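Colleague: If you read the sequence shown in our numbering, its first letter stands for residue 7, the second for the next number, and so on. Pasting in a structure now, in structure tokens, and then I'll have a few things to ask.
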Amino acid sequence: MDKNLMMPKRSRIDVKGNFANGPLQARPLVALLDGRDCSIEMPILKDVATVAFCDAQSTSEIHEKVLNEAVGALMWHTIVLTKEDLEKFKALRIIVRIGSGTDNIDVKAAGELGIAVCNVPGYGVEEVADTTMCLILNLYRRTYWLANMVREGKKFTGPEQVREAAHGCARIRGDTLGLVGLGRIGSAVALRAKAFGFNVIFYDPYLPDGIDKSLGLTRVYTLQDLLFQSDCVSLHCTLNEHNHHLINEFTIKQMRPGAFLVNTARGGLVDDETLALALKQGRIRAAALDVHENEPYNGALKDAPNLICTPHAAFFSDASATELREMAATEIRRAIVGNIPDVLRNCVNKEYFMRTPPTAAAGGVAAAVYPEGLNGGYYTGALHHRAHSTTPHEGPHSTTNLAAAAAIASAALAPPPPGSTSSTSSSSVAAAAAAVAAAAAAAALLPVPSPVPPNHVPSAVPHLSPQVGMPLGIVSSQSPLSAPDPNNHLSSSIKTEVKAESTEAP
């Protein structure tokens, strides 16, 4: 008989126990809020997170499990997250907008709730710039309207019919193109427009001096000057509380009669009703809009003449759509395996972050050792590494003081030795308490210590070293909305703030 068959069966190994590198942890939940297709995101996140989709149009349609457990969220532009919506999420730590605009998220409220908001500003620059030039060329050469006439069966039997059909076509060379905002897309449009013979000017109060020299452009320092000088105005800025309805009845009156208008940035920059009236009156010769304040669009511009509308698609190509989703998923992955907000490349609300108490996973002792709330980790007990944070945290003066304080506290809380009386134990506790109070008073007289280096972890408590994961932090930075514009000579009653955006597509 085979000896191997006579050997006793080996007992099964229990894989559920704790190991030296920490206990096994459930993977965090990441949810795609307003979509169904996760085929591109899954390969990037599958080894660090569980990915789910909601396909919701509002938070009322999101499953309770996602609201309670999701630590990360991916979202397009079809869902809005207000402060009340954000408060429904119990564990959320990061939101990544699959696109560049974040006007559908209350980024300030998110920061105050300890939720990082990120976008993807680097994708689709070429696609949006190319679409912008396509729309400008259609307005100047009226290609869109001429093609529709042919499709509808109109016969062109002589130059008179062509002249009538093509009325309004204009020569490009020598005209002035005014760009509101010179970020990534604005710059790309400027370079393309120069090749067609445009004289390109721009208004952007947030850019340093010299940008105009490096690109060979002309800079103006007020929106009023840009509107007055431009034959065609193209918008390439973010939407915020300062520039809502940037193009309105007042600013349209400042434009040249018969000027063109193009918007591939944000729909809320244009007052639709005012633009519709200006098109009907001929004050604006023609306009092209890829974005609308309310989408899908159905409003005052529906019956306006000389208007081209496209369905918020300037950003799209097969290559850019894949690139966009890969970059968004990679930002989520960085948040899961690193420290928030240090590892995030495109966090837009760092200035609103508020300091939060240490996580419950770190235990109550962490609050005593790190009173300022040093970043902790999401994967408790696993994958330890020293934290790096841009936030200065005041720490103890030395690890020796920490050890002494710990020893005193231990003496106070230790049970009395056998044979001792209760009065002796009470006196020991009182003495320990007095010693702690004296140490605290002495520490208060010492000079304020310099911030603890980011990678410093007190040796007295090595088991509390910060961990990899999704911590909460605070980073102080000045909001770009507060940047001054000393060269803007408009009166305060009519001054319009414009913030340059690197990528205006969704």
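C-beta atoms are modelled at their ideal positions from N, C-alpha and C, and glycine is treated no differently. Source: prediction; values computed, not measured.
1. Count the other CB atoms within 10 Å of the CB of M333; is the residue buried (16 or more) or exposed (fewer)?
2. CB E47 to CB A335, shorter than 8 angstroms?
3. Are T270 and T137 touching if we call contact CB-CB under 8 angstroms?
4. Are V77 and A58 close, meaning C-beta to C-beta below 8 angstroms?
5. Within 10 angstroms of the Cβ of D210, are there 16 or more other Cβ atoms? Answer buried if so, exposed if not.
6. Starting from V226, trace the beta strand (DSSP E) both ways and give me its first and last residue.
7. Looking at C-alpha atoms only, which residue of C44, P49 and F95 is the closest neighbour of E67?
8. CB-CB under 6 angstroms to G117, same chain, minus the five flanking residues each way: which ones, in chain order?
9. Where does L35 fall in DSSP's three states?
10. Thinking Q230 and T182 are a contact (beta carbons under 8 angstroms), I'd like their distance in whole angstroms, please.
11. Could I get the ranges of all uninterrupted alpha helix (DSSP H) runs contained in the region 102–157, with 4 residues as the minimum, in chain order?
12. Keeping to the same chain, check which residues put their C-beta closer than 6 angstroms to that of E255; ignore five residues upstream and five downstream.
13. For F162, does the three-state DSSP call read helix, strand or coil?
14. From the DSSP output, read off the bridge partner residues of F204.
15. To the nearest angstrom, how far is the alpha carbon of D309 from that of A294?
16. Note down the Cα distance separating Y212 from L185, rounded to an integer number of angstroms.
17. Could you pull out every residue in the same chain whose Cβ sits closer than 6 angstroms to the Cβ of C124, ignoring the five residues on either side in sequence?
18. What would DSSP say about F59, mapped onto helix, strand or coil?
19. Whole angstroms is fine: what's the gap from R99's alpha carbon to I121's?
20. List the DSSP bridge partners of G78.
21. Taking just the CA atoms, how far does M139 sit from A201?
22. To the nearest angstrom, report how far apart S106 and R169 are at their CA atoms.
23. What does a CB cutoff of less than 6 angstroms around R340 pick up in its chain, not counting 5 residues either side in sequence?
24. Which of the three DSSP states is assigned to A368 in this structure?
25. Helix, strand or coil for R198, going by three-state DSSP, please let me know.
26. Going straight from the alpha carbon of V126 to that of A62, what length do you get?
27. Name, in chain order, the residues that DSSP records as bridge partners for I290.
28. Helix, strand or coil for Y358? Go by DSSP, reduced to three states.
29. How should T108 be labelled, buried or exposed, when 16 other C-beta atoms within 10 angstroms of its C-beta is the threshold for buried?
30. Is the beta carbon of A196 closer than 8 angstroms to that of L221?
31. Taking the C-alpha atoms as reference points, what is the distance between E299 and V276?
32. Can you tell which of V206, I217 and Y227 has its C-alpha closest to the C-alpha of M238?
33. Determine, for A58, whether the minimum Cβ-Cβ distance to residues of chain B falls below 8 angstroms.
34. What's the C-alpha gap between S482 and N74?
35. Reducing DSSP to helix, strand and coil, say where T386 ends up.
36. Hey, quick one: how far does the alpha helix (DSSP H) through T328 stretch, first residue to last?
Modeller: A quick look at the data gives this:
1. Per the 10 Å Cβ criterion, buried.
2. In contact: E47 and A335 (Cβ atoms closer than 8 angstroms).
3. T137 is positioned such that its CB atom lies closer than 8 angstroms to that of T270.
4. Between V77 and A58, the C-beta gap is not smaller than 8 angstroms, which leaves the two residues out of contact.
5. D210 comes out buried.
6. Looking at the DSSP string, the run of the beta strand (DSSP E) that includes V226 is T224 to V226.
7. Out of C44, P49 and F95, the CA that lies nearest to the CA of E67 is found in F95.
8. The beta carbon of G117 is closer than 6 angstroms to those of N355, Y358 and F359 in its chain, skipping five residues each way along the sequence.
9. Three-state result, L35: strand.
10. Actually they are not in contact, since the Cβ atoms of Q230 and T182 sit about 15 angstroms apart, beyond 8 angstroms.
11. List check, alpha helix (DSSP H) in window: 113–118, 131–147 and 149–157.
12. The beta carbon of E255 sits closer than 6 angstroms to those of T280, all from its chain and outside the five residues before and after it, given in chain order.
13. In this structure, F162 counts as coil in the three-state DSSP scheme.
14. None, per the DSSP bridge assignment.
15. So the alpha carbons of these two residues sit roughly 14 angstroms apart.
16. Rounded to the nearest angstrom, the two C-alpha atoms are 14 angstroms apart.
17. Excluding residues within five positions, the ones whose Cβ falls inside 6 angstroms are V102, E337, L350, N352 and C353.
18. Looking at F59 - three-state DSSP - the assignment turns out to be strand.
19. Looking at the two C-alpha atoms, the distance is approximately 5 angstroms.
20. Under DSSP, G78 shares a beta bridge with V36 and I100.
21. Note on geometry: alpha-carbon atoms of A201 and M139 lie some 11 angstroms from one another.
22. Their Cα atoms are separated by approximately 42 angstroms.
23. The residues are V349.
24. For A368, the predicted model reports a pLDDT of 33, less than 50, meaning its position is unreliable; a value from the coordinates is still stated below. Helix, per DSSP.
25. When DSSP states are grouped into helix, strand and coil, R198 belongs to the helix group.
26. So the two alpha carbons sit approximately 21 angstroms from each other.
27. I290 pairs with A265.
28. The answer is helix: DSSP assigns Y358 an H, G or I state.
29. Under this definition T108 is a buried residue.
30. Yes.
31. When the Cα atoms are used, E299 and V276 turn out to be separated by approximately 8 angstroms.
32. Looking at the sequence provided, one finds Cys at residue 238 rather than Met. Of the candidates V206, I217 and Y227, the one whose C-alpha sits nearest the C-alpha of C238 is V206.
33. In the structure shown, chain B does not exist; there is a single protein chain.
34. Note on S482: pLDDT 30, under 50, position unreliable in the model; no value is reported.
35. Only weak support exists for where T386 lies, its pLDDT of 30 falling under 50; the coordinates are left without a value.
36. First-last of the alpha helix (DSSP H) with T328: D324 to V343.
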